[in-house]
Amino acid sequence: MRQRIVGIADMQVSTEDSEVLVTYSLGSCIGLAIYDPEARVGGLLHFMLPDSSLDPSKARQKPGMFADTGVPLLFKTAYTMGLQKQRARVIVVGGAQILDDSGYFNIGKRNYAMLRKILWRNNVLIDAEDVGGNLNRTLYLEVGTGRAWVKTPGQEMREL
Amino acid sequence: MSPAEPILEAMDKVKPFPQVVLKALNLLQDPEVPASKLLEVIQYDPVITLRLLQVCNSALFGFRRRVESLQQALVLLGNQGMVRLLVTFGALELLRDPLPGYGLEREELWHHSVACATLTQTLLRQVKHPEDTMVFTGALLHDVGKILLNEYAGKKYLEINLLVAEKDLSALEAEKEVLGIDHAELGGLLGERWNLPPGIVSMIARHHEPVHPGKDPMAVCLVHLANIVCVQMGIGAGARGLASRPAPDLLLALGWSPRTLDACVSDCWCELERIRTLIGIPQNGRA
Chain A
1 MRQRIVGIAD
11 MQVSTEDSEV
21 LVTYSLGSCI
31 GLAIYDPEAR
41 VGGLLHFMLP
51 DSSLDPSKAR
61 QKPGMFADTG
71 VPLLFKTAYT
81 MGLQKQRARV
91 IVVGGAQILD
101 DSGYFNIGKR
111 NYAMLRKILW
121 RNNVLIDAED
131 VGGNLNRTLY
141 LEVGTGRAWV
151 KTPGQEMREL
Chain B
1 MSPAEPILEA
11 MDKVKPFPQV
21 VLKALNLLQD
31 PEVPASKLLE
41 VIQYDPVITL
51 RLLQVCNSAL
61 FGFRRRVESL
71 QQALVLLGNQ
81 GMVRLLVTFG
91 ALELLRDPLP
101 GYGLEREELW
111 HHSVACATLT
121 QTLLRQVKHP
131 EDTMVFTGAL
141 LHDVGKILLN
151 EYAGKKYLEI
161 NLLVAEKDLS
171 ALEAEKEVLG
181 IDHAELGGLL
191 GERWNLPPGI
201 VSMIARHHEP
211 VHPGKDPMAV
221 CLVHLANIVC
231 VQMGIGAGAR
241 GLASRPAPDL
251 LLALGWSPRT
261 LDACVSDCWC
271 ELERIRTLIG
281 IPQNGRA
């Protein structure tokens, strides 16, 4: 199967049965995978930060950088390729933390909180997730089947 | 015998630090150094000269005229810019190999190091300091101890991982406990052996210490912070990178909110994309 890599602050949507969308290095960043089993449309977003009000011009340039611009863009792009929200399976991976008691380095938690808020407002439920902890994760989404896998260093791949 | 002894003996096996880069760094210790002196040092290395010219002529710099000589390149880039390019290439040779002992793929450590180096410059601007090639270099080389410790960390991979997972140790603490030395300390020793400027050695050796801007040099604090931010984002975090401890109260002492840090991260990422294209790492490649 051909891998299509989703970089940091990037997003890809595919209808190619032979493709696997993959995103590496999910630390505090979050990988959001969506899949419509009927239309066989899969999309994957790798966002870095929760809130685009930080820098609206960057958000225009690179909407995948922020949750509040990347998530709508992912869904909208997938809609144009046939995905329907009510059929979509939604998978969330990442949002890890370093060993920080002060709470200052909590981008992971803030990313996850923002994502939940956006999905909740849009009546989208999360079907499977692997978030938090201090793990560095890789997320795979098979476009032909919708199967999603997470890989952490030193561990076998795990299906979500 | 301490478990660290064979590791210290193995220091002799590590590749030497590129002499042209070292000479250029030492010259740059004097901020007033004339460009002609830098030119003298660099021009005798044809490989580096060629690469510098190739980069200067790439579309990203957008120079209108073709850059045909090192002299022209130096005028366009300035002393600092030239040395930064030099150390970035020099570091690529040192840091590009995969490090399975740390769960790092080929070029992953180099990419992490370039990200840290770039981020230090964003952080320097944030604390109203001018950009600084020494800090850039310290950040670029902060994990150099890993290239030597990789073999030993690989042999004790599971043992180190277990300590991190079950004893709540940071990756660095676990490494020190199992191997008798950690990559920061070892990197500092390596830097001394290479005769790197003392300021850079200290940034390498202390990049995991609980530094504080009231007591420690700003350079050391910012290399620490840049490393923490990059591993947090998963850039070159490898097998255990997120098990890192930030210096307590560092952000508080700098007077920053989490949002200040977010802004630095976002600025740095855009700059990094530019550099990545410049050096020829695929844009969507494994970070």
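These protein sequence lines map, in sequence, to chains A and B. So the first sequence is numbered by our numbering: it starts at 1 and just counts up by one. So the second sequence is numbered by our numbering: it starts at 1 and just counts up by one. For glycine and all other residues, C-beta sits at the position ideal for the given N, C-alpha and C.
| Asked | Found |
| --- | --- |
| Can you tell me which of the three DSSP states Gln-12 (chain A) falls into? | strand |
| Are there 16 or more other CB atoms within 10 angstroms of the CB of Arg-65 (chain B), so buried, or fewer, so exposed? | exposed |
| For the region 79-127 of chain A, list the alpha helix (DSSP H) runs that are entirely contained and at least 4 residues long, ordered along the chain. | 107-121 |
| Going straight from the alpha carbon of Tyr-104 (chain A) to that of Asn-122 (chain A), what length do you get? | 29 Å |
| Are the C-beta of Ser-244 (chain B) and some C-beta of chain A separated by less than 8 Å? | yes |
| Please report how far the alpha carbon of Glu-32 (chain B) lies from the alpha carbon of Asn-79 (chain B), in whole angstroms. | 10 Å |
| What does DSSP give as the partner residue(s) for Ala-148 (chain A) in the beta ladder? | A:Leu-141 |
| Tell me the DSSP secondary structure of Ala-287 (chain B) in three-state form. | Any answer about Ala-287 (chain B) is weak, because its pLDDT of 46 lies below 50 and its placement is not dependable; what the coordinates show is given next. It is coil, neither helix nor strand. |
| Using a Cβ-Cβ cut-off of less than 9 Å, list which residues of the region 89-115 of chain A approach chain B; keep chain order. | Gly-94, Ala-96, Gln-97, Ile-98, Leu-99, Asp-100, Asp-101, Ser-102, Gly-103, Tyr-104, Phe-105, Asn-106, Ile-107, Gly-108, Arg-110 |
| Does the beta carbon of Gly-154 (chain A) sit closer than 8 Å to a beta carbon anywhere in chain B? | yes |
| If you measure from the beta carbon of Ser-170 (chain B) to each beta carbon in chain A, is any gap under 8 Å? | yes |
| Give me the residue from A:Gln-3, A:Asp-10, A:Gly-27, A:Ser-28 with the minimum Cα distance to Asp-17 (chain A). | A:Gln-3 |
| Just to confirm my understanding: we take Cys-264 (chain B), look at its own chain, exclude 5 residues before and 5 after, and list those with CB closer than 8 Å. What are they? | Leu-119, Thr-122, Leu-123, Gln-126, Val-229 |
| Which of the three DSSP states, helix, strand or coil, is assigned to Glu-192 (chain B)? | helix |
| Which one or two residues does DSSP pair with Asp-17 (chain A) in a beta bridge? | Beta-bridge pairing links Asp-17 (chain A) to no other residue. |
| When DSSP labels each residue in this structure, what does Glu-105 (chain B) get in the three-state scheme? | coil |
| Hey, out of B:Val-67, B:Thr-88, B:Val-135, whose CA is closest to Asn-227 (chain B)'s CA? | B:Val-135 |
| For Thr-122 (chain B), which residues does DSSP report across the bridge? | Thr-122 (chain B) pairs with nothing; no bridge assigned. |
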